[in-house]
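Q: Starting off with a structure, shown below.
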Amino acid sequence: LSGGRMRIRKGQSRVCMVYEFIKYFPPAGQRMKIMVSAVVGHVFGLDFDGKYHDPEQLYAANTVKTIEDTTRKLRIVEHLQDLASESDYMALWLDCDREGENICFEVMKCMQHKMKKFSGSKQQIFRAKFSAVTEKDIRTAMSNLGSPNKHESDAVEARQEMDLKVGVAFTRFQTKYFQ
Numbered sequence: 053l054s055g056g057r058m059r060i061r062k063g064q065s066r067v068c069m070v071y072e073f074i075k076y077f078p079p080a081g082q083r084m085k086i087m088v089s090a091v092v093g094h095v096f097g098l099d100f101d102g103k104y105h106d107p108e109q110l111y112a113a114n115t116v117k118t119i120e121d122t123t124r125k126l127r128i129v130e131h132l133q134d135l136a137s138e139s140d141y142m143a144l145w146l147d148c149d150r151e152g153e154n155i156c157f158e159v160m161k162c163m164q165h166k167m168k169k170f171s172g173s174k175q176q177i178f179r180a181k182f183s184a185v186t187e188k189d190i191r192t193a194m195s196n197l198g199s200p201n202k203h204e205s206d207a208v209e210a211r212q213e214m215d216l217k218v219g220v221a222f223t224r225f226q227t228k229y230f231q
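My numbering puts the first residue of the sequence shown at 53, with every later residue one more than the last.
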């Protein structure tokens, strides 16, 4: 992607390398230092905000998103925040489905308050739009940047919340029934 010299450096996380190169960045309208890193999987996990003993209570129970234990161990959030503190823009390459939109908002939640702020309403966070990981898609993804879709992300969050409530309630009901 760089078409030139690339520099590799370590980030906060032991598992995430940072690749740096100079390239034209369309939203800025100029050449910029581009830092590329990777995070695999969700940053946040979903859990209940308290203890519930009766499976029936779970359907009305409040849920809360928390940083996953494996993410803490690998220092991925700190890695993302470290990159954000040096960044003017953020472009995310994620799965093209709604799950990808959800991960996009998880990453944004970790990074947005650390990024350099522009005055006015200039957009700083983008989402690459592509349907397959082919060489052509990757090469043209920078010219297909758009805004992350909050509605698709919310749809995934609602489904995840329902999955959690149904799954835990069913497991507790089965456990209680067979004891």
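Every residue, glycine too, gets a C-beta built ideally from N, C-alpha and C.
Report yes if the CB atom of K117 is closer than 8 Å to the CB atom of L98, and no otherwise.
A: For the purposes of this step, residue 117 is taken as residue 65 along the sequence shown, with counting starting at 1. For the purposes of this step, residue 98 is taken as residue 46 along the sequence shown, with counting starting at 1. Yes, the Cβ-Cβ distance between K117 and L98 is below 8 Å.
Q: Less than 7 Å between C-beta atoms, sequence neighbours within five positions excluded: which residues of the same chain meet that for G198?
A: The residue you call residue 198 lines up with position 146 of the sequence shown. Once the five neighbours on either side are set aside, the close Cβ partners of G198 are F178, R179, K181.
Q: Do V159 and V88 have their CB atoms nearer than 8 Å?
A: In the sequence shown, counting from the first residue as 1, residue 159 sits at position 107. In the sequence shown, counting from the first residue as 1, residue 88 sits at position 36. Cβ distance not < 8 Å, so V159 and V88 don't count as in contact.
Q: Could you tell me the alpha carbon to alpha carbon distance between H203 and E209, rounded to whole angstroms?
A: Start at 1 with the first residue of the sequence shown, and residue 203 comes out as number 151. Start at 1 with the first residue of the sequence shown, and residue 209 comes out as number 157. For H203 and E209, the distance between alpha carbons rounds to 10 Å.
Q: Do you know offhand how far Q133's Cα is from A193's?
A: Along the sequence shown, one-based indexing puts residue 133 at 81. Along the sequence shown, one-based indexing puts residue 193 at 141. Going by the C-alpha atoms only, they are around 23 Å apart.
Q: Output the distance between the C-alpha atoms of P78 and S195, rounded to the nearest integer angstrom.
A: Position 26 of the sequence shown, counting from 1, holds the residue named residue 78. Position 143 of the sequence shown, counting from 1, holds the residue named residue 195. In a straight line, the C-alpha of P78 is about 7 Å away from that of S195.
Q: What are the start and end residues of the alpha helix (DSSP H) that includes G152?
A: For the purposes of this step, residue 152 is taken as residue 100 along the sequence shown, with counting starting at 1. 150 to 163 is the extent of the alpha helix (DSSP H) around G152.
Q: Checking 8 Å against the spacing of the C-beta atoms, do T123 and L216 come in under that value?
A: As a position in the sequence shown, residue 123 is number 71, starting the count at 1. As a position in the sequence shown, residue 216 is number 164, starting the count at 1. Contact flag unset, no.
Q: H131: buried (16+ other C-beta within 10 angstroms of its C-beta) or exposed?
A: Taking the first residue of the sequence shown as 1, we reach residue 131 at position 79. Buried, by the Cβ-count rule.
Q: Is Y111 helix, strand or coil by DSSP?
A: Working through the sequence shown from its first residue, we reach residue 111 at position 59. Helix, per DSSP.
Q: Pull up the CB-CB distance for Q176 and D140, whole angstroms please, since I reckon it's below 8 Å.
A: The residue labelled residue 176 in the question sits at position 124 within the sequence shown. The residue labelled residue 140 in the question sits at position 88 within the sequence shown. Right, their Cβ atoms sit about 7 Å apart.
Q: Assuming A207 and R150 are in contact, meaning their beta carbons sit under 8 Å apart, how far apart are those beta carbons, in whole angstroms?
A: Taking the first residue of the sequence shown as position 1, residue 207 is located at position 155. Taking the first residue of the sequence shown as position 1, residue 150 is located at position 98. Confirmed, Cβ separation roughly 6 Å.
Q: With a CB to CB cut of under 8 Å and the five nearest residues on each side skipped, what residues in its chain are close to A221?
A: Locating residue 221 in the sequence shown gives position 169, counting from the first residue. Same-chain partners within the cutoff: P107, E108, L110, Y111.
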